[in-house]
Amino acid sequence: MTGVAQGHGSAQGPFSRTYNCRWNENPEAPTSGGCKAAIAAGGTQAMYDWHEVNIANAAGNSRSIIPDGKLCSAGRDKYKGLDLPRTDWAATKLTSGANITFQLKATAPHRGTFELFSTKTGWNPSAPLKWSDLDSSFAKVTEPTIANGAYQINVKLPSGKTGRHLIYVIWQRSDSPEAFYSCSDVIY
1 MTGVAQGHGS AQGPFSRTYN CRWNENPEAP TSGGCKAAIA AGGTQAMYDW
51 HEVNIANAAG NSRSIIPDGK LCSAGRDKYK GLDLPRTDWA ATKLTSGANI
101 TFQLKATAPH RGTFELFSTK TGWNPSAPLK WSDLDSSFAK VTEPTIANGA
151 YQINVKLPSG KTGRHLIYVI WQRSDSPEAF YSCSDVIY
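Per the UniProt record's numbering, the sequence shown starts with residue 1, numbered consecutively.
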């Protein structure tokens, strides 16, 4: 198979849903309930295209163009399985309030700003993710460094979080109206 890759990156640590289903599991034989359900809903191609959950003309308007319940897919039908509300998505264990280096795989680096959000206390992972489920961003970083093929974003995680949460990332390019989106399930 030949062609030009259209994707540009996704969270690898804490891993995003697409990164996990593609690299930590196998799209042809997934092991977690979340990946199995996502592939059943949308097929394996979305996981092979794990790095292109994007909107070409977002231009900083993500909140107005991505509907509630479709944040993880960026409203794209191809990635609809990523929006499934479930409690069995594989998750990264984190410590609330800790300093970490968030890593986003840079398959095709671009200039831009990364904004990270966490779900609010009391968020229900069994319900569709809505914009109102997200706290204000806890980090906004422009032009982070790239090391070992990944953007390195040093952040302090939100304090007071316990249990299952989701970290939502918007990567808005500054050299184009294109934006990328990532959902990472975490447990504090």
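Where a beta carbon is used, it is the ideal one built from N, C-alpha and C, also for glycine. Keep in mind it's a predicted model, so treat the numbers as computed, not measured.
Candidates the options, of which the one nearest residue i by Cα
i	options	result
L71	I100, L104 and T119	T119
D83	Q152, S126 and Y151	S126
N148	P109, Y79, A58 and F138	P109
G75	A91, V53 and K93	V53
A106	W171, L134, A40 and P158	W171
residue 195	T44, T121 and P67	Residue 195 cannot be examined here, being either before or after the span of the chain that is shown, 1 to 188.
G69	A58, P85, A59 and N57	P85
T44	T18, T101 and L94	T18
K130	N61, I66 and H51	I66
S159	T142, A98 and F15	A98
V169	F15, S96, Y181 and K161	Y181
Burial state of residue i, where buried means 16 or more other Cβ atoms lie within 10 Å
i	result
D77	exposed
K156	exposed
Q12	buried
N64	Per the sequence presented here, residue 64 reads as Ser, with Asn not at that position. Classification for S64: exposed.
I187	exposed
D175	exposed
Whole-angstrom C-beta distance between residue j and residue i, which should lie under 8 Å
i	j	result
S137	L166	Contact doesn't hold; Cβ gap of about 14 Å is too wide.
A41	K80	6 Å
A150	L116	That belief does not hold up - the Cβ atoms of A150 and L116 are roughly 15 Å apart, past 8 Å.
_Does the region 84-95 come into contact with the region 16-36, if we say contact requires no fewer than three beta-carbon pairs (one atom in each stretch) closer than 8 Å?_
Verdict: yes, contact present.
*asked:* Tell me whether the region 133-151 and the region 16-29 touch, counting them as touching only if at least three CB pairs, one residue from each stretch, are closer than 8 Å.
replied: The way I'd put it, the region 133-151 doesn't touch the region 16-29; fewer than three beta-carbon pairs between them come closer than 8 Å.
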